[in-house]
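As structure tokens, the structure follows; a few thoughts come after it.
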Amino acid sequence: MVNYIWVGMTIIGLIFAMINGKMKEVNEAIFQSANDAVTLCIGLVSILVFWLGIMRIAQEAGLLDKLSTLFKPIIKRLFPEVPANHPAMGYILSNMMANMFGLGNAATPLGIKAMEELKQLNGGSDKASRSMITFLAINTSSLTIIPTTVIAIRMTSDSASPTEIVGPTLLATLVSTIGAIMIDRYFYYRRTRSGVK
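Residue numbering for the sequence shown is 3 to 199, as defined by our numbering.
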């Protein structure tokens, strides 16, 4: 459906440009946007490779294991149905660590694997379990300590101070994560009281 919307918008835009004699501006905008996209992608790749390398070093040094151990009691309370040694727990923790460092591209495959494991725990049912809903809420709000991707975009766009968003991002994602957990718990307890599982 979204593809049809984009195609429709493109066709309408081109027809409007032809009627108003703006095709030259449209062509210039297309080539400029393509140039900007390539510049942005190359800038993002270099920054993401750097941060993924830092994460790899942190993993080899045992820092990620220590962070996972630190967050494990909280995660166990958020996901009481998931056994502590189940692979889903590892994927959930890894996804959260990647999100905390603003590495959404690295977090996505880990999140998909976590959902696959949670689905297996749910007996392969197509109906989302409590843990799946909780994980989706937390993953969507995703507490971010270092917004790596946004910093990379700001650096590529020649921002005077690309890292000044770290504090506001941390505060905003902390509030959104707490809000997501509270809303998730509210609806879970409401469903439990009404007898719906």
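Idealized CB from N, CA, C, for every residue including glycine.
Along the chain, where does the alpha helix (DSSP H) that runs through Pro89 open and close? Pro89 to Met102
Among Lys26, Leu65, Cys43 and Ile183, the one whose alpha carbon lies nearest that of Phe103: Leu65
Taking DSSP as the reference, what is the three-state secondary structure of Asp160? coil
Here's the rule: buried if 16 or more other CB atoms are within 10 angstroms of the residue's CB, otherwise exposed. What is Asp186? buried
Quick one: Cα of Ile56 to Cα of Ala63, how far? 10 Å
State whether the region 141 to 153 contacts the region 98 to 113, with contact taken as three or more CB pairs (one from each stretch) at a distance under 8 Å. yes
Counting only the same chain and skipping the five closest in sequence on each side, list residues whose C-beta sits under 8 Å from that of Glu119. His88, Pro89, Ala90 and Tyr93
Alpha carbon to alpha carbon, what distance is there between Val177 and Phe189? 18 Å
Nearest to Val168 by alpha carbon, out of Ser161, Ser159 and Ile153? Ile153
Let me know the secondary structure DSSP gives Asn22 once reduced to three states. coil
Asn5 by DSSP, collapsed to three states: which one? helix
Closest by CA to Ile183, which one among Pro164, Ser143, Thr110 and Arg195? Ser143
Ignore the nearest five residues each way along the sequence and tell me which others in Leu112's own chain have a CB closer than 8 Å to its CB. Tyr93, Ser96, Asn97 and Ala100
Cβ-based burial, Asn37 [other Cβ within 10 Å; buried from 16]: exposed
Can the beta-carbon of Met25 be found less than 7 Å from the beta-carbon of Ala19? yes
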